[in-house]
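*Asks:* Here my numbering is used: the first residue of the sequence shown is -13, the next is one more, and so on.
Got a structure for you, questions after.
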Amino acid sequence: MNETNLKPEIGLDPANWDDIKTLGHQIIDDMVDYLKDIGNKPVWTPIPQQVKDEFKKPIPQQPADIFEVYEEFKQNIFPYHGGNIHPKFFAWVQGTGTPLGAFADLLAGVMNNNAAIGNQSALYVDKQVVNWCKELMNYPETGSGILVSGGSIANITGLIVARNTIVANAKNAGVYATTGKLTAYCSSETHNCLGKAAEVIGIGNEQLRKIAVNDNYEIDIEALKAKIKEDRENGFFPFCIIGNAGTVNTGAIDPLNELLQIARNEKIWFHIDGAFGALAKLVPAYQDKLKAIEEADSVAFDLHKWMYMQYEVGCVLFKDAATHRAAFATPVNYLTAHDRGIAAGPETISNYGMELSRGFKALKVWMSLKEHGVDKYAAMIAQNIDQAFYLGEKVKQHHDLELMAAVTMNIVCYRYNPGNLDDDQLNVLNKELLMRMQETGIAAPSSTLLNGSYAIRVANTNHRTRREHLDEMIAGTIAIGNTLMKEHDSKLFKFDFLVSK
Ligand SMILES: *Cc1c(COP(=O)(O)O)cnc(C)c1O
């Protein structure tokens, strides 16, 4: 080999390390300045067409200067964030994130761990964080769990373990392990990720029985019992009940104790979807209502919602570590642990879930919990609930506003209702009102339909919110509502306009 003919070698590190340092300092300065002052900015800014066009350009062939790349980010990407870092964002159920959480993601990025395997600190931190999650839910030390991307995957993981534990040999034989079709049970208010879970575990969405709810949007216990009985009589194989600790529409908590008793009597799995609501367990007033979480076979919850952590991080816990492990562990040569070297140490986390490669999402949880301590989170969650009740009272006090569902936790559903319109008109009016509120950046609640009525829906998992922000949203609702009524009276805004769309 002629050494002089060897190609010069390349890499992806910066040509000039001082440049990346300068850029790094600039990024931190810009981002911290932005966050510090975020309350004075609109919640959300619609993306102009010319910016959207930027995202249709083909893959770059040539290198660009890192400072220019960052400029493009600042111009075309950053201003059009989703809004959930703002104190007046209440759409869907989205957490706020924190500055230190963002830095933790940066640090995890530098370490770039594959937090699946290896004798590395990330695996020990991950395990510690799962243990802390068990403490949060008062699960025994003998329990287990895994950090995943969010509630959806946490719920799917729960249902996989449920199926494989209750149905002998399901791991190998799948749903064909039983003669009767497998069925699971939840309320009609259950999040659609459980429907997806039923689809991926092979039982099919139809076999996830959606049981009717009462006036408080909680599962109807008698209807549930009757359905299980009917299914058994018809040769189905019930294997799981799913309880809601905080439904997505209204925050309703199912009667978890009763669900637990039914599951025990039926000798089937009891799983809880507590995506956000399970965290209310930290608040004394909710401890009784959520006590059954401690007895459940599994519980899914998000840290990126009501623990205000950066996306993505959710968790699912299991009462029995052995059945959790049995559902996923398969010995393979390339993942075998050794006595020494980098393959020594913790068992691969892939033995506890679907993923092999996974990021160091535990770091932001670890750093944030150290920064604030659990008591601060408990107080923060209690404050969000107090704010929701405060908002509910404000709505009740105003004669042009109507509360659409009882406030029970951190969700408030309301509408503008001046009194002289029918339900269809109110639906159109409130949809337009919400669009204008979002587009002008006043506040960003989202919407839902409650018994066919369009509701402005406020979900508060926002640590930046203060009561004054809720006051501003109410004032905005009234002002836009009044404007719409004036437009209606002068025929500028027709109530059939959006219906036909
Ligand atoms: C958000 C949510 C989910 C899904 O969680 P993701 O983290 O978005 O995947 C499931 N159930 C409920 C009640 C939720 O609010």
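Every residue gets a Cβ at the ideal spot worked out from N, C-alpha and C, and that includes glycine.
So for Phe256, helix, strand or coil by DSSP?
*Replies:* As a position in the sequence shown, residue 256 is number 270, starting the count at 1. DSSP places Phe256 in strand when its eight states are reduced to three.
*Asks:* With 16 as the cutoff for other CB atoms within 10 Å, does Asp19 come out buried or exposed?
*Replies:* Indexing the sequence shown from 1 puts residue 19 at position 33. Per the 10 Å Cβ criterion, exposed.
*Asks:* On the CB-based measure, 16 or more other CB atoms within 10 Å of its CB, does Trp3 come out buried or exposed?
*Replies:* Here residue 3 refers to the residue found at position 17 of the sequence shown. So Trp3 counts as exposed.
*Asks:* Would you identify the three-state DSSP class for Asn230, choosing helix, strand or coil?
*Replies:* Locating residue 230 in the sequence shown gives position 244, where the first residue counts as 1. Correct three-state label for Asn230: strand.
*Asks:* How long is the line joining the alpha carbons of Asp240 and Gln47, rounded to whole angstroms?
*Replies:* Within the sequence shown, the letter at position 254 stands for residue 240. Within the sequence shown, the letter at position 61 stands for residue 47. Each residue's alpha carbon lies about 55 Å from the other.
*Asks:* Return helix, strand or coil for Pro(-6), following the three-state DSSP convention.
*Replies:* Sequence index remark: in the sequence shown, residue -6 carries index 8 (1-based). Coil, per DSSP.
*Asks:* Is the stretch 459 to 471 close to the stretch 81 to 99, with three or more CB pairs under 8 Å?
*Replies:* Because the criterion of three Cβ pairs below 8 Å is not met, the stretch 459 to 471 and the stretch 81 to 99 do not touch.
*Asks:* Straight-line CA distance for Ala461 to Thr84?
*Replies:* Numbered from 1 along the sequence shown, position 475 holds the residue referred to as residue 461. Numbered from 1 along the sequence shown, position 98 holds the residue referred to as residue 84. Looking at the two C-alpha atoms, the distance is approximately 28 Å.
*Asks:* Which first and last residues belong to the alpha helix (DSSP H) in which Ser138 is found?
*Replies:* To locate residue 138, count along the sequence shown from 1; it is residue 152. First-last of the alpha helix (DSSP H) with Ser138: 137 to 152.
*Asks:* Determine the extent of the beta strand (DSSP E) in which Ile442 is found, giving its start and end residues.
*Replies:* The sequence position of residue 442 within the sequence shown is 456, counting from 1. Note, Ile442: beta strand (DSSP E), 439 to 445.
*Asks:* Taking 7 Å as the limit between beta carbons, can you name the residues of its chain near Leu355, skipping five residues before and five after?
*Replies:* Here residue 355 corresponds to residue number 369 of the sequence shown, with the count starting at 1. Closer than 7 Å at the Cβ level, and outside the excluded window around Leu355, lie Trp118.
*Asks:* Classify Leu168: buried if its beta carbon has 16 or more other beta carbons within 10 angstroms, exposed otherwise.
*Replies:* Here residue 168 refers to the residue found at position 182 when the sequence shown is read from its first residue. By the neighbour-count rule (16 or more Cβ atoms within 10 Å), Leu168 is buried.
*Asks:* Smallest Cα separation from Glu333: which of His385, Gly345, Arg311, Ala348?
*Replies:* For the purposes of this step, residue 333 is taken as the residue at position 347 of the sequence shown. That would be Arg311, whose Cα lies nearest to the Cα of Glu333.
*Asks:* May I ask which residues mark the beginning and end of the alpha helix (DSSP H) holding Gly462?
*Replies:* Here residue 462 corresponds to residue number 476 of the sequence shown, with the count starting at 1. 453 to 475 is the extent of the alpha helix (DSSP H) around Gly462.
*Asks:* Just to confirm the assignment, what range does the alpha helix (DSSP H) spanning Val285 have?
*Replies:* Position 299 of the sequence shown, counted from the first residue, corresponds to residue 285. Val285 -> not in any alpha helix (DSSP H); beta strand (DSSP E) instead, spanning 284 to 288.
*Asks:* Is Val37 closer than 8 Å to Tyr534 when the C-beta atoms are compared?
*Replies:* In the structure as shown, the chain starts at -13 and stops at 487, and residue 534 therefore has no counterpart that could be examined.
*Asks:* CB-CB under 6 Å to Tyr297, same chain, minus the five flanking residues each way: which ones, in chain order?
*Replies:* Here residue 297 refers to the residue found at position 311 when the sequence shown is read from its first residue. His290.
*Asks:* I'd like the ranges of any beta strand (DSSP E) spanning at least 3 consecutive residues and lying wholly in the stretch 373 to 425.
*Replies:* Runs of the beta strand (DSSP E) inside the stretch 373 to 425: 387 to 389, 397 to 402.
*Asks:* Counting beta carbon pairs with one atom in the stretch 247 to 256 and one in the stretch 219 to 236, are three or more of them shorter than 8 Å?
*Replies:* Counting Cβ pairs under 8 Å, three or more are found: they touch.
*Asks:* Taking Ile24 and His72 to be in contact with their CB atoms under 8 Å, please state how far apart those CB atoms are, rounded to whole angstroms.
*Replies:* If you number the sequence shown from 1, residue 24 lands on position 38. If you number the sequence shown from 1, residue 72 lands on position 86. Indeed, because the Cβ distance is near 6 Å, the residues count as touching under 8 Å.
*Asks:* Suppose the cutoff is 6 Å on Cβ atoms and the five residues either side in sequence are ignored; what does the same chain contact list for Val381 look like?
*Replies:* In the sequence shown, residue 381 corresponds to position 395, counting from 1. Contacts found: Leu387, Leu389, Tyr400.
*Asks:* Give me the residue from Cys172, Tyr272, Gly166 with the minimum Cα distance to Gly221.
*Replies:* The sequence position of residue 221 within the sequence shown is 235, counting from 1. Gly221 has its Cα closest to that of Gly166, out of Cys172, Tyr272, Gly166.
*Asks:* According to DSSP, what are the bridge partners of Leu9?
*Replies:* Working through the sequence shown from its first residue, we reach residue 9 at position 23. Its beta-bridge partners do not exist; DSSP assigns none.
*Asks:* Look at Ala184 and Ala170 and say whether their C-beta atoms are less than 8 Å apart.
*Replies:* Working through the sequence shown from its first residue, we reach residue 184 at position 198. Working through the sequence shown from its first residue, we reach residue 170 at position 184. The answer is yes: Cβ separation under 8 Å.
*Asks:* Using beta-carbon positions only, say whether Trp292 and Thr447 come within less than 8 Å of one another.
*Replies:* The residue given as residue 292 occupies position 306 in the sequence shown. The residue given as residue 447 occupies position 461 in the sequence shown. Contact flag set, yes.
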